[in-house]
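Comments concern the structure below.
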Amino acid sequence: MGRAIFVSHQWLGQDHPDPEFKQTRVLQEALQNLLSGASRVSIDVTTEVLFGHPHGYSNADISEKRLFLWYDFFSCPQHGATPDLSQTPPGLQLAIDSIPIYVQRCALFVILSPSVRAGEEDRILNYKSWGQRAWCRTESLARELCPAHDNLMIRVESSRHIALVTTLEKNSPGAGAFSFECDREKVAGIVRNLVKQKLLYCLRKGDLVSYRFLLNEQVRMFRSLPLEPFEGLIPGFELQAEGASEDWKLESFLYQMGFSHIAERDAGGFSPMCYAAVRGDPLLLESLLKQRADPNDRIWKTCPKLGISRNTSLLAVCAFNGHNECLRLLIAQRAGVDAQDVIKTRPLHAACGANNAEAVRMLCAVGADLSLKTARSCLSLTPFGTACAMGSVQTMKVLLAQAPQPLKLMLYLMMAFQNASVESAATLLQARADVNERFSPKTGSTLWLVNAAMRVKHRWRPTTFTSIAVNSWGATPLMVSIVAGLFDVAFLIVARADLEIRNTRGKTALMLAEEMQAPDFLRAALSGKGRADHLAHEIAGGPTGSATLNMLPHGSLVTLEL
């Protein structure tokens, strides 16, 4: 019959998802480009850096069968619904409750998140704003936990920027934004069913590593939701009220994990201590430590599906997952604060990547290495470089307060990884990063070698990453952001970005924007016809914002009233 595509998107209006068909037009053009061969499904930069070139979707997967779109506005009955949803028809409510089933039955999952202006809200909506919505997070989680599919999704940023992405964070829908607080309980029920369904599926398939990991990771998924985590689905463990062991929690944990003793390790390289760190329960961790579990234990194997590198330390697991009480406990037990995994990342890198400012403070307080020479990953990223690449504003500020940090090419990293925001860029500019710094890494450096390799790869297998490499020499951060598909960068124009600079291909920012089919509002700003300061104001959140960012490029004060 064909293949169905689930389209996940953020509504642009209160009672209509796309009043001016801005998002819809981008989707139409993107599908036309894929069907005609004018574009192809590339790979998100972060996904390519972490996983190389995973098997994804080719143009043939899109074109070989008829396509059907599941789009909420015309796939859910709207008749009788009020704009504020104070009256929800039974048919509409049933369709909303069934969204996870629709997600799992569709062959492809598309995140439609182009940079467009929402007229009623007077601000720019994009991939970041999509990821902040509770219902969008719920749809994404439904895909990630779908038994029949992998966790790969297609992100449409423009008609030319169509990328394969994988989300490892599994951000809790409960921590997202709800238009109506009453939806929190509805989402809680959906998330609970998704987790239980996946746990049972893993047990039926005998995939104990995935079962154990999800059973412990669910704590993070349930944050800010009225839910208690599943203690386990394995029957048979009984605890007598009288004479119960003080370590009953540990005994129950080992039973549900299928471990017979604390020194055991499964096929994924995890020990009970590793899973306890994923769970983030300090009492459980303390019980294991009392039984002489090793605070310097590590995950022995690389697991790309879970985003874990071989030799990842317990401190890194806790820092990345925000389990700061467990982190404090392990530090007190003298766990190594500079323990490296196979790619030479440390707990401080993990904390910076996750924007865990408290963890950064704790690690720095006990002497975590901040040296520019020794504290580098195999990609030559320092902890500060990791924070910049991921746009982790809070950890950037903490590290800048600890000691002076190198600013060379930090704006480039932020733009290339598509994680820039007004606040993250302003943090670097306040520290006197050069808004017009041109990309020219030292010959023979890791960044130079990676760039050279990507330029060669572009000839036979072009991706977003390789396109950045081809266009980056001599390019400014503004130009790199355009090639990367990060179009919400009018704040760089406000910060006095030079629009006349050309890269080594002879391209200006405007030329690249036209080549990449950037949104009209950005091309207008680059040509001098738009109001860049107003656009930056919109991107930052419109008239509801209240922060003032003082940015200091080349010593000149630029203030953005947000």
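Once you know that position 293 of the sequence shown is 293 in UniProt numbering, the rest is easy, because the numbers rise by one and skip nothing. For every residue, glycine included, the Cβ atom is placed at its ideal position computed from N, Cα and C. Predicted model, so just to flag it, every value in this text is computed and none were measured.
Contacts around residue i, its chain only, beta-carbon distance under 7 Å, and the 5 residues preceding and following it disregarded
i	result
Met415	Pro477, Val480, Ser481, Ala484, Leu486
Ala359	Ala319, Asn324, Leu327, Ala351
Pro282	Glu325, Cys326, Leu329
Ser129	Gln10
Gln418	Val45, Ala484, Gly485, Leu486
Between the CA atoms of residue j and residue i - distance to the nearest angstrom
i	j	result
Arg438	Ala475	5 Å
Leu69	Phe21	16 Å
Gly506	Leu512	10 Å
Leu526	Phe491	12 Å
Gln132	Phe74	23 Å
Ala142	Ala293	35 Å
Ser39	Pro100	29 Å
Gln32	Glu264	53 Å
Arg523	Asp498	15 Å
Phe521	Gln23	14 Å
Leu145	Ala375	35 Å
Glu157	Leu510	18 Å
Thr427	Arg105	43 Å
Ile501	Ser172	42 Å
Leu348	Lys205	36 Å
Arg432	Ala495	12 Å
Asp434	Thr504	19 Å
Asp15	Leu27	20 Å
Ala163	Val103	19 Å
Asp266	Tyr211	12 Å
Gly236	Gln256	10 Å
Ala420	Tyr412	10 Å
Ile219	Gly280	For the sequence presented, residue 219 should be read as Val rather than Ile. Distance between the alpha carbons of Val219 and Gly280: 8 Å.
Arg184	Thr138	11 Å
Pro404	Trp248	49 Å
Arg361	Ser380	22 Å
Glu538	Ile124	For Glu538, the pLDDT reaches just 43, beneath the cut-off of 50, and the residue's location in the model is therefore unreliable, although a value from the coordinates is still provided. Glu538 and Ile124: Cα-Cα distance of roughly 6 Å.
Asp488	Arg310	36 Å
Val422	Ser445	29 Å
Asp338	Gln517	45 Å
Thr312	Asn321	13 Å
Leu203	Leu214	11 Å
Met390	Val165	15 Å
Residues bridged to residue i [DSSP beta-bridge criterion]
i	result
Thr166	Leu152
Cys378	According to DSSP, which records beta bridges pairwise, Cys378 is partnered with nothing at all.
Thr312	Ile299
His110	Checking the sequence shown, residue 110 turns out to be Val, not His. Answer is Val7, Ile154.
Leu67	Arg3
Ser527	Ser527 pairs with nothing; no bridge assigned.
Val116	Leu125
Arg292	In the DSSP output, where bridge partners are listed per residue, Arg292 has none listed.
Ala177	Arg133
Ser39	Looking at the DSSP assignment, Ser39 forms no beta bridge with any residue, so it has no partner.
Contacts around residue i, its chain only, beta-carbon distance under 6 Å, and the 5 residues preceding and following it disregarded
i	result
Cys95	Correcting the residue identity first, residue 95 is Ala in this sequence and not Cys. Excluding positions up to five away in sequence, the list reads Cys76.
residue 578	No statement about residue 578 is possible, as the shown extent of the chain runs from 1 to 562 and does not include it.
Thr345	Ser377
Gln394	Asn355, Ala357
Glu64	none
Ala469	Asn451, Met454, Arg455
Phe230	none
Leu34	Asn59, Ile62
Gly269	Ile299, Trp300, Lys301
Ile331	Val366
Glu29	Ser159
Cys364	Gln402
Phe384	Leu399, Gln405
Ile234	Gln256
Own chain, CB closer than 8 Å to residue i, minus 5 neighbours either side, in chain order
i	result
Leu372	Thr382, Pro406
Pro441	Leu409, Leu447, Trp448, Asn451
Cys274	Asp297, Arg298, Ile299, Leu314, Val317
Leu288	Leu250, Ile262, Pro272, Met273, Ala276
Leu118	First, the amino acid is wrong: residue 118 is Ala here, not Leu. Same-chain partners within the cutoff: Leu12, Gly13, Ile124, Leu125.
Near the ligand COA: residue i beta-carbon under 7 Å from a heavy atom
i	result
Thr476	Within the structure as shown, the ligand COA is missing, as the structure has no ligands at all.
Does the region 107-119 touch the region 1-11, meaning 3 or more C-beta pairs lie closer than 8 Å? Enough Cβ pairs lie closer than 8 Å, so yes.
Using 8 Å as the threshold, is the region 457-470 in touch with the region 389-401, meaning 3 or more CB pairs across them? Contact between the region 457-470 and the region 389-401 is not established, with fewer than three Cβ pairs separated by less than 8 Å.
Inside the UniProt repeat "ANK" (343-375) only - alpha helix (DSSP H) runs reaching at least 4 residues: Inside the UniProt repeat "ANK" (343-375), DSSP marks whole alpha helix (DSSP H) runs of 4 or more residues at positions 347-353, 357-365, from first to last along the chain.
Are the region 149-158 and the region 191-206 touching, with three or more C-beta to C-beta distances below 8 Å? Counting C-beta pairs with one atom in each stretch, the region 149-158 and the region 191-206 have fewer than three that are closer than 8 Å, which means they do not touch.
Hey, is the region 182-189 in contact with the region 223-236, meaning 3+ C-beta pairs nearer than 8 Å? The answer is yes - the region 223-236 touches the region 182-189, with three or more Cβ pairs under 8 Å.
Which residue spans inside the region 215-273 form an unbroken alpha helix (DSSP H) run of at least 4? Counting only runs that start and end inside the region 215-273, the alpha helix (DSSP H) elements of at least 4 residues fall at 248-257.
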